[in-house]
Amino acid sequence: YFDFTANVKEFVVENAIGFIYLEGSNDSARINYVLDKKVLVSESSLAQSELNKIELRHSQSADSLFSSINFPAVPIGKYYCTMNLDVPNKKNIVINYPNEGVAASYLESDLFVETKNESCTVENHSGSLEAHSIGGNIVSVLGIPDSGFCKCYSVSGNITIKIPIGSTANIHLKSTTGTVSFNNL
C-alpha cells in the first residue's frame with residue numbers, strides 16, 4: 040500500500056505492460072495494490088532480478104496523484120504486469136493509454152479511460168464515465184448521477200451500456216464500425 044495527502048482530487052494510472060483492475064474503496068488516504076509480474080528471459084537465473092525491476096512508482100503534483108509501472112528501458116526479455124488497485128471513492132480516476140485493458144468495479148467517482156485495442160469493462164459504477172478505444176470493446180453497467188454523463192467512443196469496438204431506469208444524464212455513444220447497444224434508455 041501507499042498513502043497520499045488529503046488534497047488529492049485525481050488519481051492518474053498508466054501501465055504500459057499490462058492490465059489494470061480497479062476497485063472502489065472507502066479508505067480515503069490509502070491505495071492498496073497487488074502486482075502480478077511476469078518475465079520471459081533467456082535464462083532462469085535472470086528471472087528474479089528482472090522481476091525486481093518491475094515496480095509501481097507514484098508521485099504527487101498539486102492535487103493529482105500519478106501511478107505507473109516502471110520497468111527497464113532496455114529490456115532483456117518480455118515483461119508483463121497486472122495492476123490490482125483499491126482506489127478511494129470520491130476521487131476522479133484517469134486511466135491513460137498505454138495499457139493492456141481496464142476493468143473497474145464499485146467506483147464512486149468520475150472515470151476517464153483510454154485504451155487502444157484492449158477492452159474496458161466497468162461494473163457497478165456510481166459516477167460519470169468517459170471511455171475511448173480504437174479497437175477494444177467497452178462494456179459498462181453504471182448508475183450515472185444527476186447531471187452526470189456517459190461518453191463512450193470506439194473506432195471499431197463494440198459498446199454496451201446498461202443504466203438504471205429514470206437516470207437523468209447526458210449519454211454519448213459512438214462506434215464507427217462496431218455495434219452500439221444499450222438498456223433502459
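The opening residue of the sequence shown carries number 40 in this note's numbering; numbering runs sequentially from there. Each residue gets a CB set at the ideal place from its N, CA and C atoms; glycine is no exception. Values in this document were obtained by computation on a predicted structure and should not be read as measured data.
Cα-Cα separation, residue i to residue j
i: G116; j: T207; result: 50 Å
i: K129; j: G63; result: 9 Å
i: K190; j: S158; result: 15 Å
i: S214; j: S179; result: 15 Å
i: G187; j: N163; result: 15 Å
Span of the alpha helix (DSSP H), counted from its first residue to its last, around residue i
i: S88; result: 86-90
Residues near residue i in its chain [Cβ-Cβ closer than 7 Å; skip 5 each side]
i: S148; result: N128, K129, K130, N131, I132, G166
i: T154; result: Y136, N138, G140, V141, S172, G175
6 Å Cβ shell around residue i - same chain, five flanking residues per side excluded
i: S37; result: This structure cannot speak to residue 37, because the chain is shown only from 40 to 224.
i: F151; result: V133, E169
i: P203; result: G182
i: D185; result: T207
Best match in the options for proximity to residue i [C-alpha to C-alpha]
i: L224; options: S88, Q87, L181; result: L181
i: N156; options: P137, L146, N163, A68; result: P137
i: K76; options: E82, A101, Q99, N109; result: N109
i: D102; options: F50, A143, I198; result: F50
Proximal residues to residue i (C-beta, below 8 Å), its chain only, five neighbours per side dropped
i: A68; result: D42, F43, T44, A45, P127
Cβ separation of residue i and residue j, assumed to be a contact under 8 Å, to the nearest whole Å
i: V47; j: L124; result: Not a contact, Cβ separation roughly 14 Å.
i: L90; j: V78; result: 6 Å
Endpoints, beta strand (DSSP E) assigned at residue i
i: P127; result: 117-127
i: N209; result: 208-214
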